[in-house]
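To keep things clear, I will list the structure first and then write my remarks on it.
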Amino acid sequence: MLKFDDSSIIKKQNIDVGYFFEKVKSKFKLTLLSNDSGFQRSIKEQNLHRPGLALAGFVDLFSFSRVQIFGNTEMHYLAQLDDVQKLNSLDRIFQFDIPCIILTNNNQPYPGFIDLANSHNVPVFITPLSTTKLIYFVSDFLDDQFAPKVSVHGSFVDVYGVGILFTGKSGVGKSEVALDLIERGHRLVADDVIILTKKGEGILMGSGTDLVKHFMEIRGLGLINIEKMFGIRAIRFQKRLEVIVELEVWDEKGDYTRTGLDESTISMLDVEIPHIKLPILPGKNITVISEVISLHYLLKHYGYDAAKIFQDRLSQSIQKGKNPDIRRGVDYFEHDFE
Amino acid sequence: MIAETVKIINNAGLHTRPAATIVKLASRYKSEFFISKDGFRINGKSIIGVMTLAAENGSELHLTFDGPDEEKLAFDVIDFFKRGFDEL
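Note that the protein sequences, when read in sequence, are chains A and S. Each position in the first sequence, counted from 1, maps to that position plus 2 in the numbering used here. Each position in the second sequence, counted from 1, maps to that position plus 92 in the numbering used here.
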């Protein structure tokens with residue numbers, strides 16, 4: 003069985019505001035308005051908050067630990083207050099330990115806003131993006147940052163658009179299978195160390211590490227660079243994990259499926275992934291079988307399950323009762339002896 | 093060589109699940125194993141072969157076992173038939 007335990011799950015508890023700004027400033031067109039004295043503040047949640055009610059004075063259940071988004075509503079509310087009320091209203095928010103504030107739609111802050119933020123060491127950013135867009139982008143970014151990740155050992159290849167992860171003991175030939183598939187026009191995602199990230203419910207995305215990218219070790223030869231060797235067509239950076247193929251040396255007592263009716267899955271980060279145990283024997287072409295696994299997966303995905311169809315054919319044949327002879331696939335040759 | 097005739101006693105006949113079980117059972121042994129039905133002979137270690145028989149309730153199958161561990165193999169397989177593929 004594939005070894006996989008919860009202790010290898012990586013999950014960030016928080017990221018600091020400085021890191022957040024560095025990562026997203028160009029993507030989300032953020033500009034820093036305050037000073038950076040609050041950059042070590044940490045963001046602990048992927049959700050965002052619009053503090054309209056808190057500004058108005060209702061601070062019960064105020065989700066202060068989230069990134070605070072000031073959209074048109076917040077800014078227009080503040081605009082109709084007099085100067086003292088404005089600063090009081092903002093000051094109420096700064097009493098809480100908020101990570102940072104983002105102003106959307108290029109809504110310029112009022113005099114005193116930035117000074118107040120600086121005095122509480124809360125970074126303030128501004129963006130020309132609309133609130134809806136910014137919330138969408140930032141949530142997606144934070145969702146990815148806080149997503150559970152796990153690193154697994156194997157080779158991850160896109161075969162006919164199906165993400166297949168080859169696992170198995172060291173030396174069983176995972177990298178060689180991957181290489182063979184690349185040679186046949188399929189695309190390598192990563193070899194050896196694969197990082198799986200949970201996206202939403204029921205999706206695992208796999209990619210390589212920043213350092214290794216598409217380098218690969220072939221035993222007896224050493225390191226090679228797949229991108230240099232086979233070109234851009236031979237690689238891709240990310241792929242959804244769809245099938246796990248566990249390679250193992252043929253075990254006479256091993257329990258291999260014969261019909262394909264008994265599907266097995268492996269649970270990774272609470273996502274069930276179809277799992278195929280593939281015995282390796284001399285003369286067995288794992289590459290071709292891998293392609294067949296992909297095509298079979300696609301057929302099943304589009305509604306054709308060969309095992310189930312055959313099962314029905316057999317049941318019908320049995321139900322018809324007496325089968326005195328095993329019927330030939332052809333009734334009568336009609337003088338066609340080709 | 094051991095030869096034995098068995099009858100299918102479960103209602104559903106020799107359908108996919110028992111066919112797979114027989115093949116898996118037989119694959120654990122070294123001996124050769126053949127099944128004949130109405131003169132048609134297939135290798136008992138081949139899933140497509142066993143399913144091709146489409147043996148219904150009441151039909152009779154002729155089993156032959158040949159090899160170093162034929163007795164154990166014969167016992168296991170015949171026992172599975174007698175149990176009605178655990179579907180009685």
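Ideal Cβ placement from N, Cα and C applies to all residues, glycine included.
Around the beta carbon of residue 308/A, fewer than 16 other beta carbons sit within 10 angstroms, so the residue counts as exposed. The alpha helix (DSSP H) runs of length 4 or more contained entirely in the segment 260-328 of chain A are, from start to end of the chain, 288-303, 308-321.
Three or more pairs of CB atoms, one per stretch, sit closer than 8 angstroms, so the segment 118-130 of chain A contacts the segment 31-45 of chain A. For residue 154/S, the uninterrupted beta strand (DSSP E) run begins and ends at 152-158, by DSSP.
The beta strand (DSSP E) runs lying completely inside the segment 187-265 of chain A and spanning 3 residues or more are 189-201, 205-209, 217-220, 224-227, 240-242, 245-251, given in chain order. Per DSSP, the unbroken alpha helix (DSSP H) holding residue 80/A starts and ends at 74-81. Going by DSSP, residue 157/A is part of the beta strand (DSSP E) stretching over 151-161.
Counting the other CB atoms within 10 Å of its CB gives residue 111/S a total of 16 or more, which places it among the buried residues. Here residue 157/A has 168, 176, 177, 180, 193 as same chain residues with Cβ atoms under 6 angstroms from its own Cβ, once five neighbours each way along the sequence are excluded. One alpha carbon belongs to residue 82/A, the other to residue 57/A, and they sit about 12 angstroms apart. For residue 45/A, the nearest beta carbon of chain S is not closer than 8 angstroms to its own beta carbon. Between residue 260/A and chain S, the shortest Cβ-Cβ separation is below 8 angstroms. In the DSSP assignment, residue 15/A forms no beta bridge with any residue. Partner residues in the beta bridge of residue 44/A, as assigned by DSSP, are 18/A. Neighbours of residue 255/A in chain S, taken as residues at a C-beta separation under 8 angstroms, are given in chain order as 120.
In the DSSP annotation of this structure, residue 332/A is not part of any alpha helix (DSSP H), being labelled neither H nor E. Note: residue 133/S is bridge-paired with 128/S in the DSSP secondary-structure output. In the three-state DSSP reduction, residue 106/A falls in the coil class, being neither helix nor strand. The segment 189-209 of chain A and the segment 313-323 of chain A do not touch, with fewer than three beta-carbon pairs separated by less than 8 angstroms. At least 8 angstroms separates the CB of residue 101/S from every CB of chain A. Nearest to residue 104/S by alpha-carbon distance, out of 323/A, 330/A, 261/A, is 323/A.
Counting C-beta pairs with one atom in each stretch, the segment 93-101 of chain S and the segment 156-168 of chain S have three or more that are closer than 8 angstroms, which means they touch. One alpha carbon belongs to residue 22/A, the other to residue 101/A, and they sit about 11 angstroms apart. Residue 114/S sits close to residue 172/S, with the two beta carbons spaced by under 8 angstroms. Apart from the 5 residues on each side of it in sequence, residue 283/A sits with its Cβ closer than 7 angstroms to the Cβ of 252 in its chain, given in chain order.
The segment 224-233 of chain A and the segment 144-156 of chain A do not touch, with fewer than three beta-carbon pairs separated by less than 8 angstroms.
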